[in-house]
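J.: First residue of the sequence shown? That's 59 in the working numbering, and the numbers climb one at a time after it. Note that CB positions come from ideal geometry on N, CA and C, so glycine has one too. Predicted model, so just to flag it, every value in this text is computed and none were measured. Starting off with a structure, shown below.
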Amino acid sequence: MAGLAVSEKKTYRLIALGIAIVELIVFWVAVAIGTGASFDKIILIGSTAELPAIILFAVTLPFINKWIKSENPLYLTLAVFIISYFATSSIEHCTGSVLWQILFGLPIDIWIFVFFAFAWWERLTIAIIGTIIGVPVIIALRKSALMKPDYAAY
C-alpha cells in the first residue's frame, strides 16, 4: 500500500485510496453481519483510526509524492508519517479487524470500547515509530553511494 501511496502516477495513489475505502466498507459490513448492530454504532468503530487516516491521505494526495522526495526534513517526515498512518490504519487494521470478527465474533459494545480505548493511539504509535525509523533510513539511503532503483520513490 505504501508503494502505491508514493507512486509517480496519480492513478496509483488514487487506487491506494480506493482500496482503503473499499476495505473500510468491507470491515463495516463484516462487523454488521457478525454483531447484528445498527450502522450508527458500526460507524463509530471506524471513526477513531480508519476514517482520519483516509481523510488525511486524501487531503495530502496531491503533495505526498513531492514531499517524500523533498530534501526538506519536515516534508519528508510529514510524508513518511502520513503514509505510515494511512497504510497501518486503513489497510492493515481493517484487514486484521475483519479477520478478528470472523474468528471471534465479538459483540458491538466490545468493538466500540476497543476502538475508542486502544485503536487510535495504537495506530498513531505505530506510525510515529515507523516515521522515527523510516526518515533516517531514507536520508541515509540518499547519502549513500548505492545506486537508487528506478522504481524507488525516495
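Can you tell me whether residue 105 is helix, strand or coil according to DSSP?
T.: Residue 105: coil per DSSP, three-state reduction.
J.: If you run the structure through DSSP and keep just helix, strand and coil, what is residue 206?
T.: Of the three classes helix, strand and coil, the one that applies to residue 206 here is coil, per DSSP.
J.: Per DSSP, what kind of secondary structure is residue 82 in: helix, strand or coil?
T.: Residue 82 falls in the helix class under three-state DSSP.
J.: If you follow the alpha helix (DSSP H) that residue 135 is in, where does it begin and where does it stop?
T.: 131 to 144 is the span of the alpha helix (DSSP H), which, as asked, contains residue 135.
J.: What are the start and end residues of the alpha helix (DSSP H) that includes residue 155?
T.: Per DSSP, residue 155 belongs to the alpha helix (DSSP H) from 151 to 162.
J.: Do you know how far the Cα of residue 202 is from the Cα of residue 112?
T.: C-alpha separation (whole angstroms): 33 Å.
J.: For residue 123, count neighbouring C-beta atoms within 10 Å of its own C-beta (all shown protein chains included) and say buried if the count is 16 or more, exposed if not.
T.: By the neighbour-count rule (16 or more Cβ atoms within 10 Å), residue 123 is buried.
J.: Tell me whether residue 179 is buried or exposed, calling it buried when 16 or more other Cβ atoms sit within 10 Å of its Cβ.
T.: Residue 179 comes out exposed.
J.: Mapping DSSP to helix, strand and coil, what is residue 148?
T.: DSSP places residue 148 in helix when its eight states are reduced to three.
J.: Between the alpha carbons of residue 105 and residue 89, how many angstroms are there, rounded?
T.: Looking at the two C-alpha atoms, the distance is approximately 14 Å.
J.: Could you tell me the alpha carbon to alpha carbon distance between residue 103 and residue 132, rounded to whole angstroms?
T.: If I take the Cα positions, the gap works out to 31 Å.
J.: Compute the Euclidean distance between the alpha carbons of residue 87 and residue 137, then round it to the nearest angstrom.
T.: Taking the straight line joining both Cα atoms gives about 31 Å.
J.: With distances taken Cα to Cα, identify the nearest neighbour of residue 94 among 197, 184, 61 and 167.
T.: Here the closest residue by C-alpha is 167.
J.: Find out if the Cβ-Cβ distance for the pair residue 114, residue 125 is shorter than 8 Å.
T.: No, the Cβ-Cβ distance between residue 114 and residue 125 is not below 8 Å.
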